[in-house]
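K.L.:
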Amino acid sequence: MTLIFPEAPLVEADGLHTWFELRQWGFLRVGAVRAVDDVSFTLARGEAVAFVGESGCGKSSLVRTLLGLHRPTLGEVRFEGVSLAGLKGAALKAYRARVGYVQQDPFGALPPFLDVRRILAEPLKVHGVKDRAERERRIRAALEEVRLTPVEEVLGKFPHMLSGGQQQRVVIARALILEPALVIADEPVSMLDASVRVEILELLRNIQHRRGLTLAFVTHDLATVRHYAERIFVLYAGKVVESAPVEDLLDAPQHPYTRALLAALSDPDAANATRLREVPGGEPPSLIDPPAGCRFHPRCSRAMEGLCDREVPPDFTPRPGHSAACWLHL
Amino acid sequence: MADTLLKVEDLALHYRTRGGAVRAVDGVSFDVKRGEALVILGESGCGKSSLARALMRLLPRNLAHHGGRVRMGDTPISELSDERFRREVQWSRMALVMQASMNALNPVVKVGEQVAEPLRELKRWPRRRALERAAEVFQRVGLPLDFMARYPFELSGGMRQRAVLAMALVAEPELVILDEPTSALDVLTQAAIMNVLKELKRDLGTSFILITHDVATSSELADRVALMYAGELVEACSAARFFGEPAHPYSRLLMKSVPRLHERERPRAILGQPPSLLDPPTGCRFAARCPERFARCEASPPAFVPEGGTGEGAAESRHRVRCWLHAPSRGGEHG
Amino acid sequence: MSAVTQRRAWRELARYPSALVGMTIILLLIGVAITTMVAIPYGEALERWRGGEMWQRYPVNASPAWMDRLSGGNAARTLVVASRDAEIEEAAFPGGRRLRIPLEFDYAYGGFPSEINLFLNAEGHARTPFVRLLWQAPDGREIPLGGYRIGRQERISLSQDRGLERRLGGLAPHIGLLADHTGQGEQSVTPAAPEVLEGRYRLLLDAVLFDEQAGLEAELVLYGRVHGVAGTDHQRRDLSLALLWGTPVALAFGLIAAVGTTLTTLVIAAVGVWYRGWVDAVIQRLTEVNMILPVLPILVMVGTLYSTSIWLMLGVVVLLGIFSAGIKTYRAMLMPIREAPYIEAALAYGASDLRIVWRYMLPRILPVLIPTFVTLIPTFVFLEASLAVLGLGDPELPTWGKVLNDAQSQSALYNGYVYWVVAPAILLMLTGLGFAMLGFALDRVFNPRLRSL
Chain A
1 MTLIFPEAPL VEADGLHTWF ELRQWGFLRV GAVRAVDDVS FTLARGEAVA FVGESGCGKS
61 SLVRTLLGLH RPTLGEVRFE GVSLAGLKGA ALKAYRARVG YVQQDPFGAL PPFLDVRRIL
121 AEPLKVHGVK DRAERERRIR AALEEVRLTP VEEVLGKFPH MLSGGQQQRV VIARALILEP
181 ALVIADEPVS MLDASVRVEI LELLRNIQHR RGLTLAFVTH DLATVRHYAE RIFVLYAGKV
241 VESAPVEDLL DAPQHPYTRA LLAALSDPDA ANATRLREVP GGEPPSLIDP PAGCRFHPRC
301 SRAMEGLCDR EVPPDFTPRP GHSAACWLHL
Chain B
1 MADTLLKVED LALHYRTRGG AVRAVDGVSF DVKRGEALVI LGESGCGKSS LARALMRLLP
61 RNLAHHGGRV RMGDTPISEL SDERFRREVQ WSRMALVMQA SMNALNPVVK VGEQVAEPLR
121 ELKRWPRRRA LERAAEVFQR VGLPLDFMAR YPFELSGGMR QRAVLAMALV AEPELVILDE
181 PTSALDVLTQ AAIMNVLKEL KRDLGTSFIL ITHDVATSSE LADRVALMYA GELVEACSAA
241 RFFGEPAHPY SRLLMKSVPR LHERERPRAI LGQPPSLLDP PTGCRFAARC PERFARCEAS
301 PPAFVPEGGT GEGAAESRHR VRCWLHAPSR GGEHG
Chain C
1 MSAVTQRRAW RELARYPSAL VGMTIILLLI GVAITTMVAI PYGEALERWR GGEMWQRYPV
61 NASPAWMDRL SGGNAARTLV VASRDAEIEE AAFPGGRRLR IPLEFDYAYG GFPSEINLFL
121 NAEGHARTPF VRLLWQAPDG REIPLGGYRI GRQERISLSQ DRGLERRLGG LAPHIGLLAD
181 HTGQGEQSVT PAAPEVLEGR YRLLLDAVLF DEQAGLEAEL VLYGRVHGVA GTDHQRRDLS
241 LALLWGTPVA LAFGLIAAVG TTLTTLVIAA VGVWYRGWVD AVIQRLTEVN MILPVLPILV
301 MVGTLYSTSI WLMLGVVVLL GIFSAGIKTY RAMLMPIREA PYIEAALAYG ASDLRIVWRY
361 MLPRILPVLI PTFVTLIPTF VFLEASLAVL GLGDPELPTW GKVLNDAQSQ SALYNGYVYW
421 VVAPAILLML TGLGFAMLGF ALDRVFNPRL RSL
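Protein chains in written order, with my numbering: chain A, 1 to 330; chain B, 1 to 335; chain C, 1 to 453.
1. Could you tell me whether the segment 178-190 of chain B touches the segment 248-265 of chain A, where touching means 3 or more Cβ pairs closer than 8 Å?
2. Bridge partners of Pro-245 (chain A), per DSSP?
3. Just checking: is the beta-carbon of Tyr-101 (chain A) within a distance shorter than 9 Å of some beta-carbon in chain C?
4. Using the Cβ count rule (16 or more neighbours within 10 Å means buried), how would you classify Ala-94 (chain A)?
5. Give a yes or no on whether the minimum CB-CB distance between Ser-266 (chain A) and chain B is below 9 Å.
6. Please give me, in chain order, every unbroken run of the alpha helix (DSSP H) with length at least 4 that falls completely inside the segment 295-382 of chain C.
7. Under 6 Å Cβ to Cβ from Cys-323 (chain B), same chain only, skipping five residues before and after it: list those, please.
8. For Asn-290 (chain C), report the span of its alpha helix (DSSP H) as first-last.
9. CA-CA distance, Val-115 (chain A) and Gly-128 (chain A)?
10. Less than 8 Å between the CB atoms is what I'm expecting for Ala-242 (chain C) and Pro-398 (chain C), so what's the real figure, rounded?
11. Can you tell me whether Thr-73 (chain A) is helix, strand or coil according to DSSP?
12. Specify, as a first and last residue, the run of the alpha helix (DSSP H) that Val-126 (chain A) falls within.
13. Would you say the beta carbon of Glu-195 (chain C) comes nearer than 8 Å to a heavy atom of the ligand NAP?
14. Please check the pair Pro-256 (chain A) and Ser-323 (chain A), which I expect to be a contact at CB under 8 Å, by giving their CB distance rounded to whole angstroms.
15. Answer yes or no: do Ile-88 (chain C) and Leu-99 (chain C) have a C-beta to C-beta separation smaller than 9 Å?
16. By the DSSP assignment, the beta strand (DSSP E) with Asp-37 (chain A) in it spans what residues?
17. Hey, is Ser-409 (chain C)'s beta-carbon within less than 9 Å of any beta-carbon in chain A?
18. Between which two residues does the beta strand (DSSP E) carrying Cys-237 (chain B) extend?
19. Report the rounded CA-to-CA distance for Phe-113 (chain A) versus Phe-446 (chain C), giving the unit in angstroms.
20. Tell me the DSSP secondary structure of Pro-144 (chain C) in three-state form.
21. Any beta carbon of chain A sitting closer than 9 Å to that of Arg-355 (chain C)?
22. Please confirm whether Trp-274 (chain C) and Val-357 (chain C) have their CB atoms less than 9 Å apart.
23. If distances are taken between C-alpha atoms only, which option among B:Lys-33, B:Ser-29, B:Ala-12 and B:Ala-222 comes closest to Arg-23 (chain B)?
24. Would you check if the segment 131-140 of chain A and the segment 384-402 of chain C touch, i.e. whether three or more CB-CB distances between them fall below 8 Å?
25. If contact is defined by three or more beta carbon pairs under 8 Å, each pair taking one atom from either stretch, is the segment 49-65 of chain C in contact with the segment 230-238 of chain C?
26. Across which residues does DSSP place Phe-51 (chain A) in a beta bridge pair?
27. Reducing DSSP to helix, strand and coil, say where Ile-88 (chain C) ends up.
28. Nearest chain A C-beta to Pro-302 (chain B) closer than 9 Å, yes or no?
29. Give me, in chain order, the residues of the same chain whose beta-carbon lies closer than 8 Å to that of Ala-21 (chain B); leave out the 5 immediate sequence neighbours on both sides.
30. Secondary structure at Ile-77 (chain B), three-state DSSP: helix, strand or coil?
31. Anything in the segment 330-362 of chain C with a Cβ closer than 9 Å to a Cβ of chain A? List those residues in chain order, please.
32. Run the CB neighbour count on Asp-163 (chain B), radius 10 Å, all protein chains shown included, and call it buried at 16 or more, exposed below.
33. Which residue wins for smallest C-alpha separation from Ala-388 (chain C), given the options C:Val-249, C:Pro-59 and C:Pro-371?
34. Taking Cβ positions, are Leu-143 (chain A) and Ala-173 (chain A) nearer each other than 9 Å?
35. Assuming Glu-54 (chain A) contacts Pro-284 (chain A) under a Cβ cut-off of 8 Å, what Cβ separation, rounded to an integer in Å, is found between them?
36. Output the distance between the C-alpha atoms of Glu-186 (chain C) and Ser-83 (chain C), rounded to the nearest integer angstrom.
Here you go:
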């Protein structure tokens, strides 16, 4: 990445590959799903970034790799300069306390048989907070922070008694309760109602500012990103195809895929109804057997024969701080 | 009005639960003209899917009340017996694409056969003829013909959604009801499906009722928008008016809460939560969240009346609002 | 599961009458089981079930008393007339004594006894005493029953006395001695349908003892046709012993087998689901192989070739149950739970494997597990009974299945001993019914999807 931050970055991903081997009968290798394929980036302390992509682009695998739930096949993730690959036992557990995780489906993310108090107590218990009063204090503080008030009423409730927005607040409280330095939010609002989405995004943004957290959003919806992140990474078929500061990317997209995404989206307007949109044909490629060269070339209207279908495009920098993996910028 | 295709008055659907009757659809009236697309917009739990079920008579077992008058063209379809409704209206005049129905395709029957099914089942068409018609619709919705011989699992989500759409269109209905047709799909696929719908509307003159919670999606097809809140319609007007300058405070707040790609203004959340449909408030159902409420709002429920008071042409106006701010006379009780 | 949900589950459960009935039945059975184990200790129960001496004052194949009562009959019950209650006349003569023991009793039953025995006990005599018996009927008839030399303990089976039978006109002595002979000579031909002559009978024992001190004890037993609550079997054993002791045995067998198979199956399924890969593959293949192994024939084989001890059988049942079809069910239930986002969340905040399986996965399948477990118990109770009926019951323990097995081998139904089959069958059905009713209700409480709206 070309952005330079004065401090050492919080997270560095270096040539990350997360492949899943396909096996027959549990042992015979027959191929691999290349969910994350050579992805590099750095996340500075206190910044919010968004990873944008369609389903099957490898977002979730990237998230799980960052969380340390998958070991990368190649490359490494460094957190505060320490590689995750070497972490085991207590060190790995300590890392998990430093990373909070907010999931897509708030109802599924909460065990349905525990009430809010127990749900929030779990991470504390796992990390050895034995004092009951101390746990209670931190649980209440976390609920205050996500504005689930009155706290007293919420503590004894089970997830199904809460609305979607409230459930997601509990999920956020759980992600924050161990005081992480990095929060990863995987599609945090896609299952929520339009009117609630903004609330949750605002909440995350405020907490991020207040605590000086690093926030990594994963989303498929470019429209929600503008006010809630500083940088965007656009993923396509396991690779980062474009990355830039938010305004820059939304106003001047450089990669044909990003352009297609933006062209498919609309702000509400009555004129939309009479306008056919330009949509690239075809579907995202299989991650088992992705196309050679640029992975977008079969759907790209500007693909150059002999180049795009042969050579994997490197990251070009058409504008300062803005990189795009596309031969058009050669 | 001669060109009115569907006229719905006082449609109601209540469910029986342990807590009492849930008034999911509570006296909803609207009309749809031929070739028009009406979007029914609303948050989850506002009753918009129940509205589709009430129209299509897909009634649940815990039904407490189903009522209202529905006319389609000259036919009072709410008067028809269930058997006649099934034979004469379902599929052939009015088809429903249910939410997530793309995942409800029969996994062991070829897609082409499933699309042809309504014709063979309801119209008793021979297989060959039904499949020929299915092939026509396949082309209409942009599915390659060789997909007819495939099984649902061999198709991507977008392709399955097209197949479900083809099935709805196969008997040439005058009205297609779509319940969240794109909410589970990716951005590009969504746009492609919306393109198909636009083409169908343009080329075939099919009327649509699109049910969605997504404001941006709704603008992709809408001629008119009806906004639903807590079982009732709160505003119905032209798309231009709704996306430009809606009248109801809820509509205005909703428009402000939509994150936009190309605007610097931050979206703002609507605070509070919708009321329980078990025991809706006596006054305006939005009053508790409304920044413009005044004493009357909580006291008595506003009626769904033409916007702009009792002035000239108000009676014919198709812009209706359920709000005391827009009542013909803010002093009187009669609206 | 938390206390709150538990309390809610109880309250829910109380709304189902079938649950209440089921629980009542189960509690009753448990109550019976505990009382039985306290009242008749295990060792004593085995000892008594072995049969022999202690049952000799019990009738053979007597039906339960209440059955007779219900049909309005007045069948004979067992009468024991003992010499210690009698007024004994004693006269000494040189070198010995002469005793006259009158064993008197009132006979008022509508039917004849099933058998008459006289037990004599002459402990500590240097020379064998001699006894002469005289039967005195209320109508004044006197029937000499002959004389006997008495060993230490003597059982004189009057019913078996063929000579006496001949003298009574071909009537079995226990009928003939008590029959009404009015209008007929003493040696008359057999009455077509002998009737009981009610009144006071007396068996006069004239004993000659050749000892100064030692006494003579006599007991006349007129065995009834009915006995107790449950009747008796062909070995004079009171069936209530087996029916009572069958309860704890059945419950214990059912419970232990159900717990054993459910727990092991569950843990193994969870391990497979958690670790996936080859671990899961191996478990699945083992299960599939085990599923085609026929349980009953294997048990029959073990029983025939090795031992029919109930505890061994229990072990084999649990062993065969470990890799049973339950693994497939639990696996299917655990799979989606393993993929649940909240499991991923727990992994992300560093919960250990054990914690996740124990705290997050198992509570989710408890709702399915508990009803299945409850309905599983009676199937094992039935399995034990089936084994016993097949002759592979525990040779020592009194169980319901054992009773059925005895009944079958004695052709109980052919001989009209209906109670012998009905009582254990009812108990088995009651057990099945109780657990099934509770299980189905639990299923509805825990799986709201089954509940109709």
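Every residue, glycine too, gets a C-beta built ideally from N, C-alpha and C.
P.N.:
With the given structure in hand:
1. yes
2. Walking along the first sequence from the start, residue 245 (chain A) turns up at place 245. A:Arg-231.
3. What you label residue 101 (chain A) is simply residue 101 of the first sequence in a count that begins at 1. Cβ-Cβ to chain C under 9 Å: yes for Tyr-101 (chain A).
4. By one-based count along the first sequence, residue 94 (chain A) stands at place 94. Ala-94 (chain A) comes out exposed.
5. As a working mapping, residue 266 (chain A) is identified with position 266 in the first sequence. Yes, because at least one Cβ of chain B sits closer than 9 Å to the Cβ of Ser-266 (chain A).
6. 295-305, 310-322, 326-338 and 341-348
7. By 1-based counting over the second sequence, the position of residue 323 (chain B) is 323. His-248 and Pro-302.
8. Counting from 1 along the third sequence, the entry for residue 290 (chain C) is found at position 290. Start and end: 277-292.
9. For the purposes of this step, residue 115 (chain A) is taken as residue 115 along the first sequence, with counting starting at 1. For the purposes of this step, residue 128 (chain A) is taken as residue 128 along the first sequence, with counting starting at 1. Per the sequence shown, the amino acid found at residue 115 (chain A) is Asp instead of Val. Between Asp-115 (chain A) and Gly-128 (chain A), the C-alpha separation is close to 20 Å.
10. For the purposes of this step, residue 242 (chain C) is identified with residue 242 of the third sequence, where counting begins at 1. For the purposes of this step, residue 398 (chain C) is identified with residue 398 of the third sequence, where counting begins at 1. So it is a contact: roughly 4 Å between Cβ atoms.
11. Your numbering for residue 73 (chain A) matches position 73 in the first sequence. Here Thr-73 (chain A) sits in coil by DSSP.
12. Mapped onto the first sequence, residue 126 (chain A) falls at position 126. Element bounds for Val-126 (chain A): 116-126.
13. Looking for the ligand NAP in the displayed structure turns up nothing, as the structure carries no ligands at all.
14. Your numbering for residue 256 (chain A) matches position 256 in the first sequence. Your numbering for residue 323 (chain A) matches position 323 in the first sequence. Pro-256 (chain A) to Ser-323 (chain A), Cβ: 15 Å. No contact.
15. Along the third sequence, one-based indexing puts residue 88 (chain C) at 88. Along the third sequence, one-based indexing puts residue 99 (chain C) at 99. The answer is yes: Cβ separation under 9 Å.
16. Position 37 of the first sequence holds residue 37 (chain A). Per DSSP, Asp-37 (chain A) belongs to the beta strand (DSSP E) from 28-43.
17. Looking up residue 409 (chain C) in the third sequence gives position 409. No, Ser-409 (chain C) does not count as interfacial toward chain A.
18. Residue mapping note: residue 237 (chain B) aligns to position 237 of the second sequence, counting from 1. Segment 232-238, the beta strand (DSSP E) holding Cys-237 (chain B).
19. As a position in the first sequence, residue 113 (chain A) is number 113, starting the count at 1. As a position in the third sequence, residue 446 (chain C) is number 446, starting the count at 1. Roughly 12 Å separates the two Cα atoms.
20. Position 144 of the third sequence, counting from 1, holds the residue named residue 144 (chain C). In the structure shown, Pro-144 (chain C) sits in a strand (DSSP, three-state: E or B).
21. Here residue 355 (chain C) refers to the residue found at position 355 when the third sequence is read from its first residue. Closer than 9 Å: yes.
22. Along the third sequence, one-based indexing puts residue 274 (chain C) at 274. Along the third sequence, one-based indexing puts residue 357 (chain C) at 357. It is a contact, given that the beta carbons lie within the stated cut-off.
23. Counted from its first residue, the second sequence places residue 23 (chain B) at position 23. Considering only alpha carbons, the answer is B:Ala-12.
24. no
25. yes
26. Counting from 1 along the first sequence, the entry for residue 51 (chain A) is found at position 51. Note: Phe-51 (chain A) sits in a beta bridge opposite A:Val-218 and A:Phe-233.
27. Locating residue 88 (chain C) in the third sequence gives position 88, counting from the first residue. The answer is coil: DSSP assigns Ile-88 (chain C) none of H, G, I, E or B.
28. Locating residue 302 (chain B) in the second sequence gives position 302, counting from the first residue. So, not an interface residue.
29. Along the second sequence, read from residue 1 onward, the residue named residue 21 (chain B) stands at position 21. These residues qualify, in order along the chain: His-14, Tyr-15, Ala-64, His-65 and Leu-278.
30. Here residue 77 (chain B) refers to the residue found at position 77 when the second sequence is read from its first residue. Helix.
31. Ala-340, Pro-341, Tyr-342, Ile-343, Glu-344, Ala-345, Ala-346, Leu-347, Ala-348, Tyr-349, Gly-350, Ala-351, Ser-352, Arg-355, Arg-359 and Tyr-360
32. For the purposes of this step, residue 163 (chain B) is taken as the residue at position 163 of the second sequence. Checking the sequence, you will find Ala at residue 163 (chain B) rather than Asp. That one is buried.
33. One-based indexing of the third sequence puts residue 388 (chain C) at position 388. Among C:Val-249, C:Pro-59 and C:Pro-371, the Cα nearest to that of Ala-388 (chain C) is on C:Val-249.
34. For the purposes of this step, residue 143 (chain A) is taken as the residue at position 143 of the first sequence. For the purposes of this step, residue 173 (chain A) is taken as the residue at position 173 of the first sequence. A contact, by the Cβ cut-off of 9 Å.
35. The sequence position of residue 54 (chain A) within the first sequence is 54, counting from 1. The sequence position of residue 284 (chain A) within the first sequence is 284, counting from 1. Between Pro-284 (chain A) and Glu-54 (chain A) the Cβ distance is about 6 Å, and since that is below 8 Å, they are a contact.
36. Here the question's residue 186 (chain C) lines up with position 186 in the third sequence. Here the question's residue 83 (chain C) lines up with position 83 in the third sequence. Only weak support exists for where Glu-186 (chain C) lies, its pLDDT of 49 falling under 50; the value from the coordinates is given anyway. Using only the alpha carbons, I get a separation of about 28 Å.
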